[in-house]
Structure formats: structure tokens, C-alpha cells
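For the sequence shown, our numbering begins at 355 and goes up steadily by one.
Working notes, beginning with the structure itself.
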Amino acid sequence: MNKKVLILLIAGQLLAFTAKSQDTRLISKDDLVQRVLQNNLQSKIAEQQTAMAKGDLNQSKALFLPSVSATQTSMMTNNPLMAFGSKLNQERLTAADFDPNRLNDPDRIENYSVEVQVLQPLLNLDGVYQRQAAQIQVEAYELQAARIQEHMEMEAIRAYMQLQLAYEAVSVLERAKHTADQGLKLMNDYFDQGMAKRADVLDVAVRQIEVENQLRYAKSNIRNASDGLATLLGTDIDGTVYKPQSTISNRLQTEDFSNLLSQDRKDLIAMNKALLGHEKMLKSNKMSAMPRVNAFGNYQVYDNNAFGFGADGYLVGLQISWNIFDGNKNVGKIQKAQAMVEKATIEKENYTQQAQFELNKTNRQLADAENKVELSQKAFEQKAEAYRIRKDRFMEGLEKTADLLMAETQMFQKELEHLQALFEYNLTKEYLRFLTR
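Have a look at this one:
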């Protein structure tokens, strides 16, 4: 291959890779939430768990639906008993077949039979409770899946807020870098004119490097937040950079939340369902000691030809079975089921207590976050004013370079802290909405 062509191909691939890695997509919060709810892998796992539970419930229909089976048997024998019985089933016995010599030493006989058997459960009390437990399990999994959807909605909003914060930080640091670049240029001009010391120039240069380094980290955070969005969306991390269509609101929007734990929360209802399911299984194990009543019937066709229908017959009946003693096997099942009921009761109580604790703690965090937003806003406004004053005095030769740099650093730092405080407050509100749903 021509060397020039090879270089052009490599350059084209590099350009394509660069374009792909720098692909930026605008995304809104509502669109992100909708896509996460549709494509998130955790939600899909929850859906399959529900489908598995529905499969168990479908199996329990055997409690009241009949089972039907068909069997085809081909046989060849000269066994005296089997030969006589086969001819009897085929309705081909004659008086000559009762000759002792033929009875004791029969000729080879072929027998082909088709049997259709039907079993119909009538009364199985343990199965009734098993089916109820299966139905309750389906309901519990559906509630858990719905709760996971609510959680993923909150995670999508969190990821969107983190993306907003990352872009806001880059915006602040880009302004800080512009200011630092201008300050360095000004100090170099002053140094050239003999109006500034070399040490002052170096101080400004160091500050400019620090801001540039912070900006680089902030841009990396945008990529990290974008990769987090891709994970939530259940897509490959291919270098796509997402950009939010909205920015963090600087206005504090307060909201009050109750300290009372809602009993309508889907996860709490699911815990109640789980406990009820264990109670049903306990009753099922207890009922397994009761008699079972089942009806049965079969229809047979016999012939000495493979596809013949020379004779037929049927059998119907009713069976009552009672497992009187099974070596304490059922006693052990009852003990285990009772322990599972107790365990589920304790787990429910512990989960409820933890949920209440989390709600109380997050409510307090919201109050702290609100106070932090108010204080950070005042601090930022004060530092911005202090920087403006020092900059005016510096231009008049009344302020030291170090003091101006310190004021500038503090102003941008307070702006970033204020943005972080707004992020924490809004995220705490979203978490409280999740806890009180």
C-alpha cells in the first residue's frame, strides 16, 4: 500500500475516533427520566422477577385443573400370564385358550395398547394455600418492581443534577481562568514597565496554573457524569458527552415534608405481602396432614395390530389419600415455615424502623441544606463585593497582588460552594419525595 494512502487512512480513523469521543448530546430532565424508566437494566431485572413469580402462580393452576396424559405401549411376549391377560384385553379369548397346554406354554403374542389417563384434583387444602401464597408473591414482586422504578426515577434526577453541577463548575472555572489569564497578562505588562516585581508575576502565574488544573478536573467530571448517565440508560459507555438543557436555579424553592412514614409506600406494602405469603405457606404445611381427594379415570384401547382398535375399556374412580405419618418430615416443614414467619415479622419491623429513621434524618438534612444555601449565597455576595473593591484599589496601586489573588480565589470558591449547596438542597428534596411517595 502507498505510504501516503496509509497515512491518510490512519488520520481519517483518528479524526473519526475524535469526533465520536467528542459527541455531545443535549438532554432534558423529563427525557432522561423517561428513557431511564424504559431502558434501565435494574428495572428489567425486576420485571423478570415478576414474570418468574407469575410462572409459579400459573403452575398452581394444577390445583383445580385436570392433568391428561396419553401412553402408547407395544409388547411381544410368551409369558403365560402376560399372554393370557393380553388376549383377554384384546377380547380374543376362546374356549381353546383354556387348554392347560396352551395356558402353560402359549404362543408368542403381540399386544398394542393406547391409554388416556385423566387425574382431577377435588380437595387439596394445602394446595389452596400454596396458590394463595403464589398470588401474594406476584403482588409483592409487582410492588417491588414499581418501587425500583421510583428509585430509578430519583437516580435519573440525581444524575441530571450532577451533570448540571459539573457544567456549572466548568462555567465558573472558565470565568476564573479568563480572569487569571487577564491578571497574568496585566502583571507581565506591569513588570515590563517596571511597576511590578518578578515575585508578583510568579504568584499570578501560579494562580493561573491552579485554575487551569481545576478546570481540567471539572471537565473530567462532565465525562464522569455522562458515563453515569449511560450506565443508568443501560447503554454502552462510548464516549458520548451529555449536556443538560437547563441549569441549576439560583432561587431557593423551599418545600415542607411530613415526618410521618407513609404506609402506602410500595416497599412497605411489599414487606406486608411477603409476611402474608409466609403465613399462607405455614397454613399450607399444616393442611398437608389433611386427606386429599382426587378423581381419576382412564380409557384403554388394545389390539394385536399396531394401529388396530379391536377392544377398548375404561376405568373411573375416586381416591382419598391420607398421609398419616411421614417420619416427622411434615413436622419439620411446619417448624421451618413458622420460623420464616417470625423472621419475616422481624425483618418487616426492622425495615420500617430504618425507613422512619431515614425519613427523620433526611428531613433534618433538608433543614441544614436550606440553611447552607442561604449562608453560602451571602458569603458569595460578600466575597464578590470584596473582590470588586480590592480590584479597584489594585488598579490604583493601593492593594498588593497577593491580597487581590486571595480575594479572587475566595470569590470563585464561594460561588462553587453556593452551587454545591444548591445541588445538595435540591437532591435532598428529591430524596424526600422518594421517601414519602
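Note that beta-carbon positions come from the ideal geometry of N, C-alpha and C, so glycine has one too.
What you are looking at is a predicted structure, and each value in this text was computed from that prediction instead of being measured.
Are the beta-carbon atoms of residue i and residue j separated by less than 8 Å?
i      : j      : result
SER421 : ARG485 : no
ILE463 : THR427 : no
TYR466 : GLY662 : yes
ALA761 : VAL727 : no
ASN613 : ASN714 : yes
GLY664 : GLU493 : no
TYR483 : LYS637 : yes
LYS737 : MET625 : no
ARG379 : LYS573 : no
ARG744 : GLU735 : no
ALA510 : VAL390 : yes
ALA649 : LEU419 : no
ASN458 : PRO434 : yes
LEU569 : GLU522 : no
GLU769 : VAL526 : yes
GLU791 : GLU401 : It should be noted that the sequence gives Arg, not Glu, for residue 791. The answer is no: Cβ separation not under 8 Å.
ILE591 : LYS640 : no
GLY686 : LEU395 : no
Which residues in the same chain have their Cβ closer than 6 Å to the Cβ of residue i, if we skip the five residues on either side of it in sequence?
i      : result
ILE576 : ALA520
ARG646 : ASN478, SER675
SER642 : ASP480, ASN684
GLU771 : SER730
VAL468 : GLN426, VAL655
VAL670 : GLY651
SER423 : GLN471
GLN474 : PRO420, ALA649
PHE748 : LEU758
SER382 : GLN599
If we count the other Cβ atoms within 10 Å of its Cβ and call it buried at 16 or more, is residue i buried or exposed?
i      : result
LYS634 : buried
PHE452 : exposed
ALA721 : exposed
ASP385 : exposed
LEU773 : buried
ILE502 : buried
ARG619 : buried
GLU377 : The sequence as given places Asp at residue 377; Glu does not occur at that position. Per the 10 Å Cβ criterion, exposed.
TYR583 : For clarity, residue 583 is Leu in the given sequence; the question names Tyr instead. Counting Cβ neighbours within 10 Å, LEU583 comes out buried, since at least 16 surround it.
HIS632 : buried
ALA579 : buried
THR755 : buried
Nearest by alpha-carbon distance to residue i: which of the options is it?
i      : options                        : result
SER600 : GLN518, ASN443, GLN392         : GLN518
LYS627 : ALA400, TYR495, ASN659, GLN707 : TYR495
SER616 : LEU586, ALA756, PHE711         : PHE711
ALA723 : GLU753, GLN689, GLU784, ILE678 : GLU784
ASN659 : SER440, ALA698, LEU569         : SER440
GLN491 : PHE418, ALA405, PRO454, ARG501 : ALA405
MET506 : ASN393, ASN652, GLN767         : ASN393
ALA733 : PHE766, GLY537, MET749, THR716 : PHE766
MET644 : ASP680, PHE611, GLY631         : ASP680
ARG718 : GLU609, ASP746, LYS687, LYS754 : GLU609
LEU789 : LEU442, PHE611, GLY593         : PHE611
SER397 : VAL695, LYS539, LEU497, MET694 : LEU497
ALA530 : THR763, LEU583, LYS539, ARG791 : THR763
ILE623 : ALA500, GLN673, ALA437         : ALA500
LEU629 : ILE700, ASP581, ALA584, ASN604 : ILE700
TYR653 : LEU395, ASN443, ASP410, ALA407 : ASN443
GLN708 : LYS640, HIS532, ALA693, ASP621 : ASP621
LEU606 : ARG742, ASN725, GLN692, GLY548 : ASN725
ASP657 : LYS408, MET429, GLN388         : MET429
MET436 : LEU417, TYR705, ALA416, ASP461 : ASP461
With a threshold of 7 Å on Cβ separation, who are the neighbours of residue i within its own chain once the five nearest residues in sequence on each side are excluded?
i      : result
ALA534 : ARG561, GLN562, VAL565
LEU781 : ARG512, MET515
LEU759 : ASP557, VAL558, ARG561
VAL555 : MET541, ASN542, PHE545
THR716 : THR782, TYR785, LEU786, LEU789
LEU538 : VAL558, ALA559, GLN562
GLN536 : none
TYR741 : ALA761, GLU762, MET765
Within a Cβ cutoff of 8 Å, which residues of the same chain sit near residue i, ignoring the five residues on either side of it in sequence?
i      : result
SER375 : Low local confidence applies: a pLDDT of 46 at SER375 is under 50, so the model's placement there is unreliable, and no value is given.
ILE602 : MET515, GLN518, LEU519, GLU522, LEU773, LEU776, PHE777, ASN780
LYS408 : VAL492
ALA450 : ARG456
Let me know the beta strand (DSSP E) ranges lying completely inside the stretch 448-481, each 3 residues or longer, listed in chain order.
463-477
Give the list of continuous beta strand (DSSP E) stretches no shorter than 3 residues that lie fully inside the stretch 565-616.
595-598
Length-filtered (3 minimum) beta strand (DSSP E) runs lying within the stretch 664-690
665-675
Scan the stretch 534-560 and note each continuous alpha helix (DSSP H) run of 4 residues or more that stays entirely inside, going in chain order.
none
Taking the runs of the alpha helix (DSSP H) that are 4 residues or longer, which of them lie wholly in the stretch 412-444?
434-443
Taking the runs of the alpha helix (DSSP H) that are 4 residues or longer, which of them lie wholly in the stretch 611-657?
620-641
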